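Q: Protein chains in written order, with my numbering: chain A, 1 to 257; chain B, 258 to 514. Let me give you the structure first, and then I'll get to my questions.
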């Protein structure tokens, strides 16, 4: 659990969660434990996605994947225990209990059979098959968008945002999530394992349907930029102190790993 | 998810949850969704425990295990999604939010790295090795006792029980869990796959440390009966309407599958 969760990562989701809390007038502290819980959920999903029965990846965050290091059984259980610990951490939040329940509900929506687990399943089942753009967008939304979007929503809930602010930040997160995933597809195509800390070129090998496969590199980059811009437009009803949320939107596209 | 979760099972944990709610003056309805969530958690743990990398079992509840039926990747993901759906279901409870948070917290304590996932990990790591009685009890407590005990605790929380009633039912559940697991060890030794709906004799094959291996059949049966009696003694501060909790304590020992 420590090996995978504390490995170097961007911590994009926790940072979005904290920034969303601040953007609705809350404190960083209101969202700090939730940010940790979200990173645990993200890490659980990476450990399981990397397993031999799924993507069978050897490298993650520049290190051997959990099952390469500790064996398959322990990797499965470490993922399970991180998932449980994430919800345990959420129940320790000091926010009013109705907010806590709402935040946990958002996290469950993002992770289950309408969220990242479903996205991974659809992704697996569509390998090597011709896939429509709509399916690709649905996979991206569930596999990556849902948790990124929930990170923003949870921060806004815990920071005490109004219903419209929570919705605006959820929508911002959805656009950022799309931009982030298109950039991920591009990096898989154009980068090296050294830069990424994980496999590169693997989507093409597995005949995965990706944005570059559908729209080419230039078209994909434009689609990512447009999604980031749409995300930034959602920020009108909140206070983006220091322009952090805008910077994170741009970072989702411009990042190098 | 449906295939494994709706397969015929005893539903002991949900029934305990409902009975605990009633025993503290609550309604069955207060605990009904939580009972479903607990069964989803139980089922998630069975799917993952049965995987080739773990216990590699082919038969469960009289049917091919999830990975035999749908493949390993889908089995891993179905377990993950059931775990997520369990927490999602808990956040939909109509009880006061502070009770809901407390109930979710109890469920996370029972499942993670102090609960059933840890029990499974310890169980795996101790296969084929000489194990002390203390370790065996710790494995049993985490792998089986924790969720059975949490089922009672959660029912009592949602039914509006007092702190001492919640604690009494948690303790009752712990004793029932121990009785149940000793009976499980006995059945693995003395029963057939047809009766059990899952593998029999497998503990001995894998050189697992069990109660019968330590105390023999008669000694184990007495230990299970004593645990059930200790459980029944915990019921003095609650109203065991219809003697259901007492009957469930005896059933944990007397059951045939």
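Every residue, glycine too, gets a C-beta built ideally from N, C-alpha and C. Remember, it's a predicted structure, so these values are computed and weren't measured experimentally.
May I ask whether a heavy atom of the ligand SAH can be found less than 6 Å away from the beta carbon of residue 486 of chain B?
A: Among the ligands in the structure shown, none appear at all, so the ligand SAH cannot be discussed.
Q: Residue 63 of chain A bridges to which residues according to DSSP?
A: Paired residue(s): A:60.
Q: Near residue 477 of chain B, which residues of its chain fall below 6 Å by C-beta distance, leaving aside the five closest residues on each side in sequence?
A: Correct list, in chain order: 439, 443, 468 and 469.
Q: When burial is assigned at 16 or more other CB atoms within 10 Å of the CB, is residue 205 of chain A buried or exposed?
A: It is exposed - the Cβ of residue 205 of chain A has fewer than 16 other Cβ atoms within 10 Å.
Q: So, are the CB atoms of residue 87 of chain A and residue 508 of chain B less than 7 Å apart?
A: No, Cβ-Cβ distance for residue 87 of chain A and residue 508 of chain B is not below 7 Å.
Q: Note down, in chain order, every chain B residue with its Cβ under 8 Å from the Cβ of residue 113 of chain A.
A: Going along chain B in sequence order, the residues near residue 113 of chain A (Cβ under 8 Å) are 258, 338, 341 and 342.
Q: At a Cβ cut of 8 Å, what residues of the stretch 108–132 of chain A count as close to chain B, listed as they run along the chain?
A: Per Cβ criterion, the list reads 108, 109, 111, 112, 113, 115, 117, 118, 120, 121 and 124.
Q: Mapping DSSP to helix, strand and coil, what is residue 188 of chain A?
A: Residue 188 of chain A: helix per DSSP, three-state reduction.
Q: Just to confirm the assignment, what range does the alpha helix (DSSP H) spanning residue 229 of chain A have?
A: Note, residue 229 of chain A: alpha helix (DSSP H), 211–233.
Q: In whole angstroms, give me the CA-to-CA distance for residue 202 of chain A and residue 256 of chain A.
A: So the two alpha carbons sit approximately 17 Å from each other.
Q: Compare the C-beta of residue 355 of chain B with all C-beta atoms of chain A and state if any pair is closer than 7 Å.
A: Yes, because at least one Cβ of chain A sits closer than 7 Å to the Cβ of residue 355 of chain B.
Q: Using a Cβ-Cβ distance cut-off of 7 Å, determine whether residue 104 of chain A contacts chain B.
A: So yes, residue 104 of chain A belongs to the interface.
Q: Go through its chain and collect everything with a Cβ distance to residue 497 of chain B's Cβ below 7 Å, but skip five positions before and after it.
A: Cβ within range, chain order: 280 and 503.
Q: So, at 7 Å on beta carbons, what are the nonlocal neighbours of residue 456 of chain B in its own chain, with the 5 sequence-adjacent residues on each side left out?
A: Once the five neighbours on either side are set aside, the close Cβ partners of residue 456 of chain B are 314, 316 and 450.
Q: Looking only at C-alpha atoms, which of B:370, B:349 and B:348 sits nearest to residue 76 of chain A?
A: Closest option to residue 76 of chain A, Cα to Cα, is B:370.
Q: Pairs of beta-carbons, one from the stretch 427–438 of chain B and one from the stretch 288–295 of chain B, closer than 8 Å: are there three or more?
A: Contact between the stretch 427–438 of chain B and the stretch 288–295 of chain B is absent, because fewer than three Cβ pairs lie under 8 Å.
Q: For chain A, find out if any of its Cβ atoms is closer than 7 Å to the Cβ of residue 333 of chain B; answer yes or no.
A: Chain A, which has a Cβ nearer than 7 Å to the Cβ of residue 333 of chain B, makes this yes.
Q: Using the Cα positions of residue 63 of chain A and residue 475 of chain B, report the straight-line distance between them to the nearest angstrom.
A: One C-alpha to the other measures close to 51 Å.
Q: Does the beta carbon of residue 410 of chain B come closer than 7 Å to any beta carbon on chain A?
A: Not one chain A Cβ lies under 7 Å of residue 410 of chain B.
Q: Does the distance from the CB of residue 403 of chain B to the CB of residue 373 of chain B come in under 7 Å?
A: Yes; because the gap between Cβ atoms is below 7 Å, this pair is in contact.
Q: Please list the segments of the beta strand (DSSP E) lying wholly inside the stretch 9–75 of chain A, counting only runs of 3 or more residues, in order along the chain.
A: Entirely contained in the stretch 9–75 of chain A, not one beta strand (DSSP E) run reaches 3 residues.
Q: Since I believe residue 158 of chain A is in contact with residue 95 of chain A (beta carbons under 8 Å), could you give me their beta-carbon distance rounded to a whole number of angstroms?
A: Right, the Cβ-Cβ distance comes to about 5 Å (below 8 Å), so this counts as a contact.
Q: Could you name the residues of chain A that residue 329 of chain B contacts, counting a contact when the two beta carbons are closer than 8 Å?
A: By Cβ distance, chain A contributes 53.
Q: Kindly indicate if chain A contains any beta-carbon less than 7 Å away from that of residue 351 of chain B.
A: False, the Cβ-Cβ gap to chain A never drops below 7 Å.
Q: Excluding five sequence neighbours on each side, which residues of the same chain lie with their C-beta closer than 6 Å to the C-beta of residue 26 of chain A?
A: So the list reads 159 and 160, once near-sequence residues are dropped.
Q: For the alpha helix (DSSP H) containing residue 102 of chain A, list its first residue and its last residue.
A: Unbroken alpha helix (DSSP H) run through residue 102 of chain A: 97–111.
Q: Tell me whether the beta-carbon of residue 301 of chain B lies closer than 7 Å to the beta-carbon of residue 269 of chain B.
A: Contact flag unset, no.
Q: Just the chain A side, please: which residues come within less than 8 Å of residue 345 of chain B by C-beta, in chain order?
A: Near residue 345 of chain B (Cβ distances below 8 Å), the residues of chain A are 105, 108, 109 and 112.
Q: Rank A:151, A:162 and A:141 by C-alpha distance to the C-alpha of residue 178 of chain A and give the top, closest one.
A: For the residues A:151, A:162 and A:141, the minimum Cα distance to residue 178 of chain A belongs to A:141.
Q: Between residue 42 of chain A and chain B, is there a C-beta pair that is closer than 7 Å?
A: No, residue 42 of chain A does not count as interfacial toward chain B.
Q: Please check the pair residue 176 of chain A and residue 248 of chain A, which I expect to be a contact at CB under 8 Å, by giving their CB distance rounded to whole angstroms.
A: The pair is a contact, with the Cβ atoms about 7 Å apart (cut-off 8 Å).
Q: Would you say residue 140 of chain A lies against chain B (beta-carbon separation less than 7 Å)?
A: No, residue 140 of chain A lies away from the interface with chain B (no Cβ there is under 7 Å from its Cβ).
Q: Pick out whichever of B:342, B:360, B:267 and B:368 has its Cα sitting closest to the Cα of residue 105 of chain A.
A: Residue B:342 is the option with its Cα nearest to residue 105 of chain A.
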